[in-house]
Amino acid sequence: MENKKKRLRKFDYKMYIQLLACFFRFSLQNKALTHRKLQEYFDKSKERISQMLKPLKQYGLIDVINIHAWEPEQPKEKYILNENGRNVALNLMKEWFSKHLHPIIENILNEENIRRYNFKERGVIADE
Numbered sequence: 202m203e204n205k206k207k208r209l210r211k212f213d214y215k216m217y218i219q220l221l222a223c224f225f226r227f228s229l230q231n232k233a234l235t236h237r238k239l240q241e242y243f244d245k246s247k248e249r250i251s252q253m254l255k256p257l258k259q260y261g262l263i264d265v266i267n268i269h270a271w272e273p274e275q276p277k278e279k280y281i282l283n284e285n286g287r288n289v290a291l292n293l294m295k296e297w298f299s300k301h302l303h304p305i306i307e308n309i310l311n312e313e314n315i316r317r318y319n320f321k322e323r324g325v326i327a328d329e
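If you're matching positions, the sequence shown starts at 202 in this note's numbering and goes up one per residue.
In structure tokens form, the structure reads like this:
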């Protein structure tokens, strides 16, 4: 049971990184995201998207822009990452890259792997 809870938390962490990365990408283009766009992007139900957005709203990472649609009973909301959200997204992405990509790059470039794969003989790395 405990192991299952850990996996669920880990999945949620990945999902929130993806969500913040998605918001970050759109904020760089000065675009806001609608509920429908998020549903298409993440392939989740409307209720699930609302649950995903709740903590982002609660911690003040996204701003909600209300746009009155043609039908007054169905106002349209757009979400945009604010300055706090951008900082959090950048820090999370830096942390993820340093944890996952840095060891991979180090492993590729270490001397033992270079000798093992004979990169110099294949002409991939020029002789000094």
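Glycine included, C-beta positions come from ideal geometry on N, C-alpha and C.
Each residue's CA atom was taken as its position, placing Q259 and H301 some 29 Å apart.
By the CB criterion at 8 Å, L254 and N283 fall outside the cutoff.
The Cβ-Cβ distance between F243 and L234 does not fall below 8 Å. The three-state secondary structure of L234, taken from DSSP, is strand.
For L254, the enclosing alpha helix (DSSP H) begins and ends at 247-259. For N283, there is no enclosing beta strand (DSSP E), as DSSP marks it with neither H nor E.
Non-local C-beta neighbours of F227 in its own chain, meaning closer than 6 Å and more than five positions away in sequence, comprise L234, ordered along the chain.
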